[in-house]
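Residue numbers (our numbering): 143 to 246.
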């Protein structure tokens, strides 16, 4: 419910932007299933970011166009992920497939 809730929140907040949810890492510390299934632990910090870059389509004017993607993800600690410290799944987003071009 938390994972789908984060995605819905991003979609509501950025309704004109494509949204990508980075699949979170999940831990199952308890092997016994409870009433609702096995206990699942997600990273404690939920994040949503909107990122812009150059246009994806090469025929678009780079002065007038950009690309955009809203990304939702979970991470274990607060702070801005950057460089090699960022989660591999976050660094491996296929921008060209997921982002959308727009005109300034």
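We treat Cβ as the ideally placed atom computed from N, Cα and C, and that holds for glycine.
- For the options 213, 238 and 237, the alpha carbon positioned closest to that of residue 149 is the one of 213.
- Cα atoms of residue 224 and residue 230: separation of roughly 11 Å, rounded to the nearest angstrom.
- A straight line joining the alpha-carbon of residue 205 with that of residue 242 spans about 16 Å.
- Within its own chain, the residues whose Cβ lies closer than 8 Å to the Cβ of residue 171, once the five positions on either side in sequence are excluded, are 181 and 183, listed in chain order.
- Leaving aside the five residues that flank residue 220 on each side, the residues in its chain whose CB is nearer than 8 Å to its CB run, in chain order, 187.
- The shortest C-alpha to C-alpha distance from residue 239 to any of 153, 160 and 155 is the one to 160.
- Residue 190 sits close to residue 155, with the two beta carbons spaced by under 8 Å.
- Annotation: the continuous beta strand (DSSP E) that includes residue 217 extends over 207-217.
- Note that the C-beta distance between residue 208 and residue 246 is below 8 Å.
- Our two residues, residue 201 and residue 175, have alpha carbons roughly 54 Å apart in a direct line.
- Given a length threshold of 3 residues, each whole run of the beta strand (DSSP E) inside the segment 166-206 is given here in chain order: 187-196.
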